[in-house]
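Protein chains in written order, with this note's numbering: chain A, 1 to 237; chain B, 238 to 492; chain C, 493 to 782; chain D, 783 to 1111; chain E, 1112 to 1460. Glycine included, each C-beta is placed from N, C-alpha and C at the ideal position. Fair warning: this is a prediction, and the values are worked out from it, not measured in the lab.
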Amino acid sequence: MLEIQNLTSGYAGMPVLKNLSLTVETGSIVVVLGANGAGKTTLMNTISGLVRPMSGHLLMEGRPLAGLAAEDVVAAGISHVPQGRRVFPGLTVGENLIVAVTAATKRAPGGFDQALEEVYELFPRLKERRNQLGWSLSGGEQQMLAVGRAIVARPKLILLDEPSLGLAPLIFQSMFDAIAELNRRDGTTFLVVEQNAEQALRIGHRAYVMELGELVAEGSTAEIARDPAIEKAYLGA
Amino acid sequence: MTMVLDVSGVTKRFGGLTALSDVSFSLDRGKILGLVGPNGSGKSTMLNVLSGVYAPELGSVTLNGAAITGMAPNQITRAGLARTFQNLQLFGGLTIGQNVMVGRNCRMSSSLLGTIFGFSSARREEDEARETARTYLDFVGLADRFDDETSSLSYGERRLLEVARALAASPEVLMLDEPCAGLSQGEADDLADSIRQVAAQGISVIVIEHNMRFIMQLVDRIVALNFGQKIAEGTPQEIRANEDVIAAYLGRRHA
Amino acid sequence: MDTFIQVLLAGTTIGCIYALVALGFTLTIAAAGVVNFAYAEWVTYGGFFGVMLVGLGWPLWLALIGAVVFSVGVGYVFQRVVFRPLEGKHFLTTVTATIGVSVSMAALAVLIWGPYPLTLPTFFGSGIISLGGVSLFPHNLLIIAITAVLIGVLHLGLTRTTIGYRLQATAQDPDAARLMGIRVRRMRTLAYLFSAGLAGLAGFLVAPLFIVTTTMGFSLMLKGLAATIVGGWGSLKGAVFGGLIIGIIEALGAAYISSEYKDVIAFLIVIVVLLAMPRGLFPERIAEKL
Amino acid sequence: MTGRTSDTANNRIRLAGLALALATAALLPFVLGSNYHLGVAHQVLIFIILASGYDLLLGFTGLLSFGHIGLFAIGAYTSAILVTSTGAPFMVGLIGAAVLTGVVGVVISIPALRIKGHSLTLLTLALGEVIRVVIRSMEWLTNGSHGIAGIPRPEILGFSFRQPLPLYYLLLVIALLTIAFAWKLKRSRYGRAFNAIRDSEIAADVCGVNISRMKMLAFGLSAVIAGIAGSLYAHTVRFISPEFFSLGLTVILLAMVLIGGRGTIIGPILGAILFISLPEALRFVKEYYLVAFGITIWLSVLLLPEGLAGLPRRLRRWMPRRNAKEAGL
Amino acid sequence: EDINLGMVIATTGPFAGGEASLIHGTRMAIEEINAAGGINGDNLVLVIEDTGSEQTGAINAFNRIVSIEPVAIMNTTISGFVMSQMGMIEDEGIPTFTGGASPQLAADAKGTEALFRVRTSDILVAKAAARFATENLGLEKIAVLRLNNEYGNGWIRMIEEQLAEDGKTPVAVESFESVDRDVTAQILRIKNAGTEAIIVAGDPPNHLVIVQQIRQLGFEGAVIVSNSGVLPSTLSAYAPGAAEGIYGTVDSLPVADPAHAEWVERYRSAYDMDPDFAAAEYYDGVKMLAEAIAKVGTDRAALVAELRGIDGHKGVGTTYSYANGGDGGTSVAIVQVENGGLKLVTSVD
Ligand SMILES: Nc1ncnc2c1ncn2[C@@H]1O[C@H](COP(=O)(O)OP(=O)(O)OP(=O)(O)O)[C@@H](O)[C@H]1O
Ligand SMILES: Nc1ncnc2c1ncn2[C@@H]1O[C@H](COP(=O)(O)OP(=O)(O)OP(=O)(O)O)[C@@H](O)[C@H]1O
Ligand SMILES: [Mg+2]
Ligand SMILES: [Mg+2]
């Protein structure tokens, strides 16, 4: 689905990602691991068009993404849940979800109503807080809303940047279960950046490990989880 | 064992929503208390009540036996309670060192005239504040960034700067809201060590965190909230085994 | 009683003008956080465009359309050279730039249209309708009607569609808005152009009452600013009510208390309103979550 | 260690710059001897004082006030009335102006503690206009819209500053004192507290900064300075009337500080110099000078969004990149 | 050798329109003088500086002009600006002509010896307006609607003084701000007071608005507007017919004086527009100055002394007196708008 070849990207002329290549197969869940500052967020932002690549190719279903504005990337079927949640503070939970509606949502069976139901089922807390303004939500509630907005959009590919941040353990588990479920049922593809490697590797199919803007390891999640170096660095002793 | 902080019967409502209802607990000198609970259970709200940002509808908070409910945040800080924020609140226009020195402000007393005309007492106090700031920046590992802009810090470093700023107020109680968010497990372990050192100096700590590994290894006691109510209190072992906490918060896997 | 109705009518007319101005002024705030001090000149130029086109022999209605179109053009130029380069900067930075441009525009207006006060005819000549002891001025009624229609259209547009939410989302977090697929730049351009069009319309409509001078826009913009804040920063509904309230208070104050102190009265009422409702009638709903 | 040495190098550059600026200011009258140039310089100095004080609110504390010209007016009228109708010496007028505006500033700050953000701007705008209209209406005291004429030039301990040259030095000294005050303040715990309030009021509060007291102090201090500037204005121009202290002047004052760079010491100075002297310097383009002036403002904002004070930082940011590029090649 | 004549006037900003004709009047005089061989062979050269319609601009422009050492200065008509230059005029002792009509500018009020008014003081004009209403029109109930500034306040003071002579007071006194564009409330208050004549004092845009609203609100009595309400540029901007029948004050009207009428013809052919009377008065100012220079040379003190001696000098604009506390122009005329033009009703000298 997503094909990244020799991507170099960064800020103000200084590259963060160096010549990075990565593939996301249709219908798979791909996990990206890496230390703080490795460039994971930069990778996600480059895919979604918030950061302009300096060189290299980004192909979504064979069509180039590089140079597209963020809003056009969304139209191509990619939803990005950014690090730091970024819910709209002055809109209610419901309005935040309405704003995230895309053409794909409307076309899908059941349309927006169905999609909304799904989000509320996954995060009942959001349903309770339906009419509450974004800013006043607790940190975890905001995180749920951010993920909910991506689900409502019904994209082909969802980019999740540290979705577990600030989530309580139970919610966190049910979210990962839901990701697996969405993937199985609708065939939605996921690219997930996560500090909590253990959980991510549990649901993922493939994993990449980044260090200082470059890939240092890749393989099936099972292989990666077994790799002693990885285990030491990301899973904790 | 002396009790430093006593929270009794605190209730806080937002419109029709009761974010905290009748919550009580206490904290002893030099102890570390964990505050856990599902998202939206009222943990941050509790911190906001303790630090004076929100006034509770009911209940009282005493610090060393003196009531602090209804006091302005700056008075509470002067009384000995300092905190960090879940959503970072740094002073972006100040350097890293100055951020920490603002934290020291509540322990400074020189007059306006004294600082403008450079009275020796005022200068001494300013030097002392700078030294204190350096000490605490050193403590969180940011000493060499004293004159840098805050914007040059990574997310994790910013959290540490907030800790240094809170410590500069020489608090009796330090309150941390999700200090590990965005940190890797290794960094979280380092932070836990630092917090233990703080506690060893006799400062009591309240910490909110969803990182169970961090919490369980660090704290002396845990208070668990759900829907604004206290559902359990005890040692980490007791909490880990508590059925209510498992059902509401931890899930089976963590138990 | 006649006097009261007559004064109320005059206050409502002026209030509608303030509301119209405040609406355009607020639109850029609501959509992009842009406080546009050159709005004064946008309004002034609307009047001047009208005078110029009528001077060229265009019929009045065509001149009205022309003035609005020209104003939209001015808005487009602004979007390219003033607003876009400063996207994402602090709102005071844009304020400074617009102050600069407005100084230039005001000076340029004198060079183009000369220093003398100019006027436009109304659609209805100088005829009046007498209703009992009250005189109705057709042009004033037109202003009230147009304001009402515009407010209605905007209200429907913003509440019956999701555009209103998208506009708010754009203003609150442009990057996140783009991640939702919202065409941020298009939204903003739309807001700028609409705002400029409103300015041109206001400038044209008030020209027969206000006399087109290079300073005519400044006081109107200040009233728009006041209306925006009294109504609630960035709230379109607030801008309308704020404008109406200020206009009516001024008129009633002048009629029943003192014309010398009418501005003080209006300002004192503003102060009282702010003390009672520090964030305006329709407050911006955002605060900080800690 | 290298950091230390480059710091001292920086300080040395800064000291040299300061010395140069002082020398220029002291010798300026001998370069531009005419009364016209001195007259412009008088205005520049008065506005440096006013803008520096305004920046304590706007730049230091993040409070956008539109009523500052009202305080300036109160200062001017207090001094003018004291001196012309009671025959008090200039110093009494000056101090009276400072004290009264200080008190008014603190009183204004009381509602300002409750009201934040844009509403504060409107509140202060309303207060400023009320001040102006009240001055205009109190004919028995202020001579109403006719203004007060015949205000004498300053005289201190028998020494007259009637001539433009001595007056220049008097204004220069007071401007330097104001700047030194702002500079000291910025580096003190008070300055830090002001900045903290600007950046995050709630965090400042939680850090132990007494928000109410600090806001009152900021309003009071900037009002005192406005009062001093007002007094100096009255005694320099020798005529004041309510019309001068209009909202347009407020906008100019705001633009001055913003163009210069808010929250910096040098910003208001550069802003005042630019705003007063540039239109004069542009007189050669005749009736186009205002057009040119506005375009200059716009361009400078485009190039230096943080204000003229941001120029050195901009240059520094451009330099290493160019170096890096050269090194890369 | 050339003699510099300075001029401090608004060429930009809101006052530029009102002051443009003064430059023409001044220029006309200079051209005539130079064409006739100059003053003792020296040509007059006009140097203009712009006030930008602002007080600080007026101060700077004045200082700038002073630095070229002009023989005299033709100054702005905005009284407030002149007041703010007063200290400098006094310091320099430079002969300065102004069209400012404010009573404050009189040498025996707050003005200075070196300042010469080339117009009729508002003391005379405003009183003439009031007297016209009471004596000529025989009306009892006079109301005043005035701009809330130095100008408007000067008018109300003088009108009250004049009415007091007959033991009267205005039945209503209302004010407006210069940016106000709706005076319904004020007019209704005036109307409800049973007013028979309204005297309006304001700037040109104010008159355009007020005259129209007075009629729309059905006030049937007499309307007397201050000078700026009947300037040629204002007259042409009234809505068709709106100003018909209103009275206005002018210092002088050409039809009353053949010399003035002849001058107007020359002005028209030179600038292709109608002059207002103040242009003629600035013309007179330059002429009086030239005569004085021819007599006593360019020494400032001598010039001031010479000009202060003028008594009953008849110019094209009006008759001037500076001797014995004389305060410039002495004539006032009341005119009426008829078919869009002005008709002399009465004149006071
Ligand atoms: N806006 C920016 N401008 C300049 N440099 C940036 C910017 N954002 C990030 N960087 C730098 O790019 C590098 C990679 O940052 P990135 O945010 O991609 O890391 P990450 O892997 O997502 O880390 P984390 O786990 O902390 O989220 C870091 O060195 C960071 O300092
Ligand atoms: N200012 C506010 N206005 C309205 N509701 C609020 C406000 N602050 C918090 N709430 C609500 O109160 C509840 C408690 O919020 P709080 O932030 O204390 O949760 P929390 O326990 O810290 O959660 P998390 O772990 O997600 O940070 C939440 O449901 C939140 O939506
Ligand atoms: Mg990241
Ligand atoms: Mg929380």
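Shell residues, 5 Å Cβ cut-off relative to heavy atoms of ligand 1: A:Tyr11, A:Val16, A:Asn36, A:Gly37, A:Ala38, A:Gly39, A:Lys40, A:Thr41 and A:Thr42
C-beta neighbour in chain C for Ala69 of chain A, strict 8 Å: Against the first sequence, residue 69 of chain A aligns to sequence position 69. It does; some Cβ of chain C falls within 8 Å.
Beta-carbon proximity of Val377 of chain B to Leu397 of chain B, cut-off 8 Å: What you label residue 377 of chain B is simply residue 140 of the second sequence in a count that begins at 1. What you label residue 397 of chain B is simply residue 160 of the second sequence in a count that begins at 1. Yes.
Straight-line Cα distance separating Glu776 of chain C from Glu194 of chain A: Sequence index remark: in the first sequence, residue 194 of chain A carries index 194 (1-based). Sequence index remark: in the third sequence, residue 776 of chain C carries index 284 (1-based). About 35 Å.
Bridge partners - Ile1445 of chain E, DSSP secondary structure assignment: Locating residue 1445 of chain E in the fifth sequence gives position 334, where the first residue counts as 1. According to DSSP, Ile1445 of chain E bridges with E:Thr1360 and E:Thr1457.
Chain D within 8 Å of Ala461 of chain B, Cβ atoms only: By 1-based counting over the second sequence, the position of residue 461 of chain B is 224. So no, Ala461 of chain B is outside the interface.
Leu845 of chain D and Leu839 of chain D closer than 8 Å at C-beta: Within the fourth sequence, numbered from 1, the residue matching residue 845 of chain D stands at position 63. Within the fourth sequence, numbered from 1, the residue matching residue 839 of chain D stands at position 57. Yes, they are a contact pair.
Contact set between Gln664 of chain C and chain A, taken where Cβ atoms lie within less than 8 Å: On the third sequence, position 172 is the one that residue 664 of chain C refers to. Correct list: Phe88, Pro89, Gly90 and Leu91.
Beta-carbon proximity list for Asp384 of chain B, same chain, < 7 Å, skipping 5 on both sides: Locating residue 384 of chain B in the second sequence gives position 147, where the first residue counts as 1. Excluding positions up to five away in sequence, the list reads Thr332 and Gly334.
Strand pairing of Glu3 of chain A, partner residues [DSSP]: Reading the first sequence from its first residue, position 3 is the one you call residue 3 of chain A. Answer is A:Thr23 and A:Leu59.
Cβ-Cβ separation, Ile961 of chain D to Ser834 of chain D (assumed contact under 8 Å), whole Å: Within the fourth sequence, numbered from 1, the residue matching residue 834 of chain D stands at position 52. Within the fourth sequence, numbered from 1, the residue matching residue 961 of chain D stands at position 179. Yes, Ser834 of chain D and Ile961 of chain D are in contact; Cβ-Cβ is about 6 Å, under 8 Å.
Anticipated Cβ contact below 8 Å, Asn1115 of chain E with Val1156 of chain E, distance rounded: For the purposes of this step, residue 1115 of chain E is taken as the residue at position 4 of the fifth sequence. For the purposes of this step, residue 1156 of chain E is taken as the residue at position 45 of the fifth sequence. Confirmed, Cβ separation roughly 5 Å.
Arg320 of chain B - partner residues in DSSP beta bridges: Locating residue 320 of chain B in the second sequence gives position 83, where the first residue counts as 1. BP columns for Arg320 of chain B point to B:Met412.
Test: Asp667 of chain C CB closer than 8 Å to a CB of chain E: Counting from one through the third sequence, the residue named residue 667 of chain C turns up at place 175. Chain E contact via Cβ: absent.
Neighbourhood of Val482 of chain B by C-beta distance below 6 Å, restricted to the same chain and skipping five residues each side: Taking the first residue of the second sequence as position 1, residue 482 of chain B is located at position 245. For Val482 of chain B, where only same-chain residues beyond five positions count, the Cβ hits under 6 Å are Ala461, Ala469 and Ile476.
Cβ shell of Leu952 of chain D (< 7 Å), same chain only, five flanking positions each side left out: If you number the fourth sequence from 1, residue 952 of chain D lands on position 170. For Leu952 of chain D, where only same-chain residues beyond five positions count, the Cβ hits under 7 Å are Pro936 and Phe943.
Span of the beta strand (DSSP E) around Glu1285 of chain E: By 1-based counting over the fifth sequence, the position of residue 1285 of chain E is 174. That run of the beta strand (DSSP E) goes Ala1283 to Phe1287.
Exposed unless 16 or more other CB atoms sit within 10 angstroms - verdict on Asp364 of chain B: The count along the second sequence starts at 1 and reaches residue 364 of chain B at position 127. By the neighbour-count rule (16 or more Cβ atoms within 10 Å), Asp364 of chain B is not buried but exposed.
Ordered list of alpha helix (DSSP H) runs contained in the stretch 563–612 of chain C, each at least 4 residues: 583–605
Partner residues on chain D for Lys581 of chain C, Cβ-Cβ distance less than 8 Å: Walking along the third sequence from the start, residue 581 of chain C turns up at place 89. Pro1087, listed in chain order.
Contiguous alpha helix (DSSP H) assignments of at least 4 residues, all confined to the stretch 812–885 of chain D: 817–837 and 850–868
Reduced DSSP category for Pro700 of chain C - H, G, I as helix; E, B as strand; rest coil: The count along the third sequence starts at 1 and reaches residue 700 of chain C at position 208. Helix.
Distance CB(Val260 of chain B)-CB(Val273 of chain B) smaller than 8 Å: On the second sequence, position 23 is the one that residue 260 of chain B refers to. On the second sequence, position 36 is the one that residue 273 of chain B refers to. Taking 8 Å as the Cβ cut-off, Val260 of chain B and Val273 of chain B do not qualify as a contacting pair.
Cα-Cα separation between Arg1104 of chain D and Arg1096 of chain D, rounded to whole angstroms: Counting from one through the fourth sequence, the residue named residue 1104 of chain D turns up at place 322. Counting from one through the fourth sequence, the residue named residue 1096 of chain D turns up at place 314. With a pLDDT of only 43 at Arg1104 of chain D, under the threshold of 50, the placement of this residue in the model should not be trusted; the figure read from the coordinates follows. Their Cα atoms are separated by approximately 13 Å.
Test item: CB-CB of Glu399 of chain B and Gly166 of chain A under 8 Å: Position 162 of the second sequence, counted from the start, is the residue given in the question as residue 399 of chain B. Position 166 of the first sequence, counted from the start, is the residue given in the question as residue 166 of chain A. In this structure, Gly166 of chain A does not lie closer than 8 Å to Glu399 of chain B by Cβ.
Within chain C, partners of Arg1268 of chain E - CB distance below 8 Å: On the fifth sequence, position 157 is the one that residue 1268 of chain E refers to. Per Cβ cutoff of 8 Å: no residues; Arg1268 of chain E is ~14 Å from chain C at best.
With 16 other Cβ atoms within 10 Å as the buried cut-off, status of Phe615 of chain C: Walking along the third sequence from the start, residue 615 of chain C turns up at place 123. So Phe615 of chain C counts as exposed.
Interfacial residues, the stretch 397–424 of chain B to chain A, with Cβ spacing under 9 Å: Asp414, Glu415, Ala418, Gly419, Leu420, Ser421, Gln422, Gly423 and Glu424
Chain-ordered residues of the stretch 309–322 of chain B with a beta carbon less than 8 Å from chain C: Phe322
Interface positions of the stretch 114–125 of chain A facing chain B (Cβ-Cβ less than 7 Å), listed along the chain: Arg125
8 Å Cβ cutoff, Ser867 of chain D in contact with chain E: Residue numbering aside, residue 867 of chain D sits at position 85 when the fourth sequence is read from its first letter. With 8 Å as the cut-off, Ser867 of chain D does not count as an interface residue toward chain E.
Length-filtered (4 minimum) alpha helix (DSSP H) runs lying within the stretch 1263–1317 of chain E: 1295–1303
For Ser596 of chain C, the nearest candidate out of C:Tyr531, C:Lys715, C:Pro700 and C:Leu642 (CA to CA): Residue numbering aside, residue 596 of chain C sits at position 104 when the third sequence is read from its first letter. It is C:Tyr531 whose Cα lies nearest to the Cα of Ser596 of chain C.
Closest residue to Asn1317 of chain E among E:Pro1125, E:Asp1113 and E:Met1118 (Cα-Cα distance): The residue given as residue 1317 of chain E occupies position 206 in the fifth sequence. Nearest of E:Pro1125, E:Asp1113 and E:Met1118 to Asn1317 of chain E, Cα basis: E:Pro1125.
Ligand 5 heavy atom lying under 7 Å from the CB of Glu162 of chain A: Ligand 5 is absent from the structure shown, which contains only ligand 1, ligand 2, ligand 3 and ligand 4.
Euclidean distance between Cα positions of Lys268 of chain B and Gly673 of chain C: For the purposes of this step, residue 268 of chain B is taken as the residue at position 31 of the second sequence. For the purposes of this step, residue 673 of chain C is taken as the residue at position 181 of the third sequence. Distance between the alpha carbons of Lys268 of chain B and Gly673 of chain C is about 49 Å.
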